[in-house]
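Residue numbers (the working numbering), protein chains in the order written: chain B, 411 to 656; chain Y, 411 to 656.
The C-beta atom is built at its ideal place from N, Cα and C for all residues, glycine as well.
Working notes, beginning with the structure itself.
There are 2 protein chains.
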Amino acid sequence: MSKLTPIVPCTTCPIRHSAVCAECDSDELAMLSAIKSYRTVPAGAPLASAGETLEHFSSIVTGCATMSRTLEDGRRQTVGLLLPSDYIGRPGRAQAAFDVEALSEVTLCRFERRAFEKLLRDTPHVASRLLKMTLDELDAARDWAVVLGRMTAREKVATFLVSLARRQMAVALGDPIGGPVTMHLPLSREAMADHLGLTIETTSRQMTALRKDGLIELPTTRDIRIPDFGALALEAGDDGDGGLIV
Amino acid sequence: MSKLTPIVPCTTCPIRHSAVCAECDSDELAMLSAIKSYRTVPAGAPLASAGETLEHFSSIVTGCATMSRTLEDGRRQTVGLLLPSDYIGRPGRAQAAFDVEALSEVTLCRFERRAFEKLLRDTPHVASRLLKMTLDELDAARDWAVVLGRMTAREKVATFLVSLARRQMAVALGDPIGGPVTMHLPLSREAMADHLGLTIETTSRQMTALRKDGLIELPTTRDIRIPDFGALALEAGDDGDGGLIV
DNA sequence: CGGTTCATTGAGCCACATCAAGAAGTGTGG
DNA sequence: CCACACTTCTTGATGTGGCTCAATGAACCG
Chain B
411 MSKLTPIVPC TTCPIRHSAV CAECDSDELA MLSAIKSYRT VPAGAPLASA GETLEHFSSI
471 VTGCATMSRT LEDGRRQTVG LLLPSDYIGR PGRAQAAFDV EALSEVTLCR FERRAFEKLL
531 RDTPHVASRL LKMTLDELDA ARDWAVVLGR MTAREKVATF LVSLARRQMA VALGDPIGGP
591 VTMHLPLSRE AMADHLGLTI ETTSRQMTAL RKDGLIELPT TRDIRIPDFG ALALEAGDDG
651 DGGLIV
Chain Y
411 MSKLTPIVPC TTCPIRHSAV CAECDSDELA MLSAIKSYRT VPAGAPLASA GETLEHFSSI
471 VTGCATMSRT LEDGRRQTVG LLLPSDYIGR PGRAQAAFDV EALSEVTLCR FERRAFEKLL
531 RDTPHVASRL LKMTLDELDA ARDWAVVLGR MTAREKVATF LVSLARRQMA VALGDPIGGP
591 VTMHLPLSRE AMADHLGLTI ETTSRQMTAL RKDGLIELPT TRDIRIPDFG ALALEAGDDG
651 DGGLIV
């Protein structure tokens with residue numbers, strides 16, 4: 411289900427400057443390296459299950475995962491989309507609060523929970539970085555509540571595409587304002603629907619509607635081109651004055 | 411709009427064991443006391459405005475507030491209900507991400523932002539407590555996403571009442587399982603609707619429906635009695651196996 | 001080339017929103 | 001203490017956005 415991956419030096423790690431280790435100096439990186447291990451799992455693999463123990467704190471190095479909860483009757487809501495540098499697990503608690511599932515092949519940089527908790531106490535740069543990331547995640551989760559609670563299906567889909575494009579561009583180094591953007595959709599229509607609090611049919615219909623309105627192009631169902639990023643952002647109700655952050 | 415409140419010693423503070431100071435020893439409390447100040451604001455007063463500067467980090471000592479965002483066209487979504495020991499503001503950023511408004515008279519224990527950031531660096535017990543509280547808030551925000559995205563109006567209202575009762579009981583010391591509960595509703599129907607992603611009419615109708623079904627009693631519109639807490643929890647889709655946390 | 005999975009599209013319905021009117025509670029001034 | 005205004009809550013009537021059910025289409029794969 412998962413395979414061990416050779417350990418690479420932190421200096422060449424793609425998330426060196428955005429993960430929990432971002433603020434670390436070389437001495438601290440050495441401490442991290444001493445206890446880290448990598449793990450790679452295929453698309454579809456579970457990375458955590460709500461209520462079950464989770465003995466590692468992991469950062470996503472490459473790939474994409476969802477965090478979700480499923481109610482007893484099968485209704486599912488995704489509560490977070492995890493991209494490189496996002497973390498899974500929490501210090502001080504061995505029990506996972508949500509299901510986490512790999513959407514693509516995912517490579518994790520992992521620390522055994524106890525060892526990571528010790529690290530938090532010993533290396534202030536890790537603790538402060540984790541606090542900052544958690545505060546950012548909290549803001550993002552609250553922003554998403556506005557989407558789920560108050561937006562129409564069309565706004566939800568447009569907001570999702572815009573925020574996904576922003577995050578992908580943050581990793582790469584594109585110009586975030588205006589012009590055309592091309593990207594791969596890491597989520598199926600069903601995963602998008604679960605994230606947006608919609609059904610798969612409504613999600614599909616809104617994608618079609620946005621396409622017919624010329625706001626997006628769909629060379630394949632999993633690839634999207636946004637000819638005018640600003641126009642789509644407007645559709646998302648994002649007037650650029652700092653409404654949403656996600 | 412706000413009035414200065416006499417400073418009381420931390421040892422008699424009602425949130426001494428649940429706020430950011432919870433883990434502090436007496437020496438650390440002395441450091442906090444040296445820079446804290448109190449402020450009391452009347453119901454309805456704004457405690458923060460999205461996009462504007464917020465030069466204090468504050469804990470709610472008594473009272474109740476909402477954190478919300480309003481879209482340009484007037485749609486509003488509450489993203490957090492703040493009760494005693496919850497905090498307002500964030501270290502490392504002077505700009506508020508959301509509006510915060512007092513629902514009742516609120517007394518705050520405040521720290522000037524820069525001084526609090528220094529405190530975070532110098533007193534590990536404050537930093538670790540803040541991290542733990544933020545992780546808890548993040549879990550709660552994600553739990554709430556499930557409510558907003560996937561629950562029916564009836565389930566939303568029941569879930570809200572159950573979680574409010576749980577939080578109030580946590581402050582007091584009631585038995586959380588089973589039996590009857592009586593509490594004051596700190597929110598108007600409109601504030602409830604904004605929190606639940608519903609209209610005020612639907613919220614009112616669901617309250618009436620729960621009353622007619624014998625699940626709640628409403629001696630006044632702002633006071634509620636839950637004759638059988640377990641029955642209402644069931645209505646909320648909470649089977650007690652650790653679904654929701656909020 | 002059939003089987004399987006995923007996405008799209010259509011038809012009809014229903015939960016919740018919207019629009020509108022009362023009712024109940026709250027405060028103010030005479 | 002009452003009269004009046006005002007706000008909040010409740011209830012009713014109607015509309016509609018998104019859900020449900022159902023079928024078809026497209027991509028992938030052995």
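Looking at the secondary structure, which residues open and close the alpha helix (DSSP H) in which residue i lies?
i        : result
Y/His535 : 534–560
Y/Gln505 : Looking at the DSSP string, Y/Gln505 is not in any alpha helix (DSSP H), and its letter there is neither H nor E.
B/Ile610 : 610–622
B/Ile634 : No alpha helix (DSSP H) contains B/Ile634, which is instead part of the beta strand (DSSP E) from 633–636.
Y/Glu645 : 639–645
Given that residue i touches chain B, what residues does it touch there, using C-beta distances under 8 Å?
i        : result
Y/Gln578 : Result: empty, since nearest Cβ-Cβ is about 22 Å, beyond 8 Å.
Y/Glu547 : Leu548
Y/Glu645 : In chain order: nothing, as chain B lies at least about 14 Å away.
Y/Glu433 : Under the 8 Å cutoff, chain B gives no residues; its nearest Cβ is about 12 Å from Y/Glu433.
Is it true that the CB of residue j sits closer than 8 Å to the CB of residue i?
i        : j        : result
Y/Ala555 : B/Ala563 : no
B/Arg566 : B/Leu608 : Going by the sequence as given, residue 566 of chain B is Lys instead of Arg. Contact: yes.
Y/Met441 : Y/Leu529 : yes
B/Ile425 : B/Val471 : yes
Y/Thr450 : Y/Thr422 : no
B/Thr548 : Y/Leu548 : Contrary to the premise, residue 548 of chain B reads as Leu rather than Thr in this sequence. The answer is yes: Cβ separation under 8 Å.
B/Gly559 : B/Gln505 : no
B/Arg523 : B/Glu600 : no
B/Leu545 : B/Ser469 : no
Y/Met543 : Y/Gly647 : no
B/Leu457 : B/Glu511 : yes
Y/Ile626 : Y/Leu571 : yes
B/Ala537 : Y/Ala568 : no
Under DSSP, the beta strand (DSSP E) around residue i begins and ends at which residues?
i        : result
B/Ile470 : 466–472
B/Glu522 : 516–522
B/Glu438 : Careful: B/Glu438 lies outside any beta strand (DSSP E), inside the alpha helix (DSSP H) at 436–445.
Y/Glu627 : 627–630
Could you tell me the alpha carbon to alpha carbon distance between residue i and residue j, rounded to whole angstroms?
i        : j        : result
B/Ser459 : Y/Ser495 : 30 Å
B/Phe508 : B/Ser478 : 6 Å
B/Arg621 : Y/Asp483 : 25 Å
Y/Leu493 : Y/Gly502 : 23 Å
B/Arg576 : B/Leu642 : 12 Å
B/Thr618 : B/Leu628 : 9 Å
B/Arg520 : B/Ala455 : 16 Å
Y/Ala429 : Y/Ser436 : 15 Å
B/Cys434 : Y/Val557 : 38 Å
Y/Glu438 : Y/Ile445 : 11 Å
Y/Arg552 : B/Pro637 : 33 Å
B/Gly499 : Y/Asp532 : 26 Å
Y/Cys431 : B/Gly640 : 45 Å
B/Ser443 : Y/Arg485 : 48 Å
Y/Leu595 : Y/Ala453 : 14 Å
B/Glu645 : Y/Ile610 : 26 Å
B/Ile655 : Y/Gly589 : At B/Ile655 the pLDDT is 41, less than 50, meaning the model places this residue with poor confidence; the figure from the coordinates comes in the next sentence. The straight-line gap from Cα to Cα measures roughly 43 Å.
Y/Ser614 : Y/Thr631 : 10 Å
B/Cys474 : B/Val591 : 19 Å
Y/Ser624 : Y/Met602 : Reading the sequence as shown, one finds Gly at residue 624 of chain Y and not Ser. Between Y/Gly624 and Y/Met602, the C-alpha separation is close to 20 Å.
B/Leu481 : B/Ser514 : 24 Å
Y/Arg635 : B/Thr463 : 37 Å
B/Tyr497 : B/Asp649 : 30 Å
Chain B partners of residue i, CB-CB under 7 Å?
i        : result
Y/Phe639 : None at all; the shortest Cβ gap to chain B is about 20 Å.
Leaving out five residues on either side along the sequence, give the residues of the same chain with a beta carbon under 6 Å from the beta carbon of residue i.
i        : result
Y/Thr488 : Thr476, Ser478, Asp604, His605
Y/Ser447 : Arg520
B/Gly653 : At B/Gly653 the pLDDT is 47, less than 50, meaning the model places this residue with poor confidence; the figure from the coordinates comes in the next sentence. Around B/Gly653: no qualifying Cβ.
Y/Thr612 : Ala563
B/Gln578 : Met593
B/Gln616 : Ala563, Arg564, Val567
Residue i versus chain Y: which residues are under 8 Å apart at the beta carbon?
i        : result
B/Gly499 : Going along chain Y, no residue has its Cβ under 8 Å from B/Gly499, so there is no contact; the nearest lies around 11 Å.
B/Gly490 : Arg552
Tell me which same chain residues have a C-beta within less than 7 Å of the C-beta of residue i, skipping the five on either side of it?
i        : result
Y/Phe526 : Phe467, Pro501
B/Cys420 : Arg426, Cys431, Leu439, Leu442, Ser443
Which chain Y residues sit within Cβ distance under 7 Å of residue i?
i        : result
B/Gln487 : Ala555, Val556, Gly559, Arg560
B/Thr544 : Leu541, Thr544, Leu545, Leu548
B/Arg479 : Val556
B/Phe508 : Arg552
For a contact defined as C-beta to C-beta under 9 Å, what are the partners of residue i on chain B?
i        : result
Y/Phe570 : Here the premise fails: no neighbours, minimum Cβ distance about 13 Å.
Y/Ala537 : Pro534, Ala537, Ser538, Leu541
Along chain Y, in chain order, which residues have C-beta atoms closer than 9 Å to that of residue i?
i        : result
B/Gly454 : Within 9 Å Cβ-Cβ: nothing; B/Gly454 doesn't reach chain Y, min ~22 Å.
At a cut-off of 7 Å, is residue i close to the ligand HEM when judged by its beta-carbon and the heavy atoms of the ligand?
i        : result
Y/Ser495 : In the structure shown, the ligand HEM is absent, as is every other ligand, since no ligand is present at all.
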